[in-house]
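This report concerns only the one structure given below.
Residue numbers (my numbering): 91 to 293.
Okay, here's the thing in structure tokens:
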């Protein structure tokens with residue numbers, strides 16, 4: 091991303107020069123906004139009506155990797171905000187017709203904190219969720235925890251989060267008809283980065 095922006099700026103100047111125009115170098119700070127997401131994957135396999143699965147994510151490493159993929163580093167961030175959530179099913183056995191109700195909770199592993207609710211869902215038919223990202227409203231308690239993790243990340247800490255999927259299924263599964271499916275929950279966020287560039291202005 092960063093290299094692409096620089097190439098565009100340079101190309102713009104070359105266009106002016108080839109057209110007989112002159113350019114002056116003016117140093118400017120621009121904002122670059124990345125829309126990204128962190129994903130927790132849950133593999134459910136239970137003979138009980140109630141299920142619970144956990145997924146631990148190195149939040150700091152996930153964001154660092156996203157920045158690196160776009161040629162940025164942590165110190166380039168001007169703002170990082172949580173924008174929403176989503177969930178969807180990855181795989182489901184043929185003929186399965188389960189509905190699930192429950193929540194996705196989140197807690198800080200690095201601080202040893204208690205879980206708080208992030209996403210609630212009720213009477214969700216799994217089959218229509220295959221291959222989709224259904225938008226989800228985020229609970230305030232979960233958003234506050236994520237925002238605190240973001241603040242700690244920007245201050246140099248390395249937050250680690252545990253996402254906890256828990257709920258009930260209908261109809262009741264059994265040993266001969268276990269509830270087996272894989273699904274994902276996403277946290278969507280926006281990263282605003284500041285980049286100082288030599289901008290070529292025509293004169």
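In this text, a Cβ means the ideal position worked out from N, Cα and C, and glycines have one as well.
(message) I'd like the ranges of any beta strand (DSSP E) spanning at least 3 consecutive residues and lying wholly in the segment 217-246.
(response) 224-226
(message) According to DSSP, is residue 281 part of a helix, a strand, or is it coil?
(response) strand
(request) Take residue 200 and list the residues in its own chain whose beta-carbon comes closer than 8 Å to its own, dropping the five residues that flank it on each side. (result) 247, 248, 249, 250
(request) Would you list, in sequence order, the uninterrupted alpha helix (DSSP H) runs of no fewer than 4 residues that lie entirely inside the segment 111-184? (result) 149-159
(request) In the DSSP assignment, find the beta strand (DSSP E) that holds residue 196 and state where it starts and stops. (result) 189-198
(message) Taking the straight line between their C-alpha atoms, what separation do you get for residue 163 and residue 230?
(response) 29 Å
(message) Can you give me the C-alpha to C-alpha distance between residue 228 and residue 216, rounded to a whole angstrom?
(response) 20 Å
(message) Can you tell me whether residue 212 is helix, strand or coil according to DSSP?
(response) strand
(request) Kindly list the residues whose CB is nearer than 8 Å to the CB of residue 258, restricted to its own chain and excluding five residues on each side of it in sequence; keep chain order. (result) 139, 140, 141, 190, 191, 192
(request) Go ahead and label residue 197 buried or exposed: buried means 16 or more other beta carbons lie within 10 angstroms of its beta carbon, across all protein chains shown. (result) buried
(request) For my contact list, residue 194 and residue 253 are in at a C-beta cut-off of 8 Å; report their separation, rounded to the angstrom. (result) 6 Å
(message) Suppose the cutoff is 6 Å on Cβ atoms and the five residues either side in sequence are ignored; what does the same chain contact list for residue 174 look like?
(response) 278
(message) Pull the bridge partners of residue 260 from the DSSP assignment, please.
(response) 189
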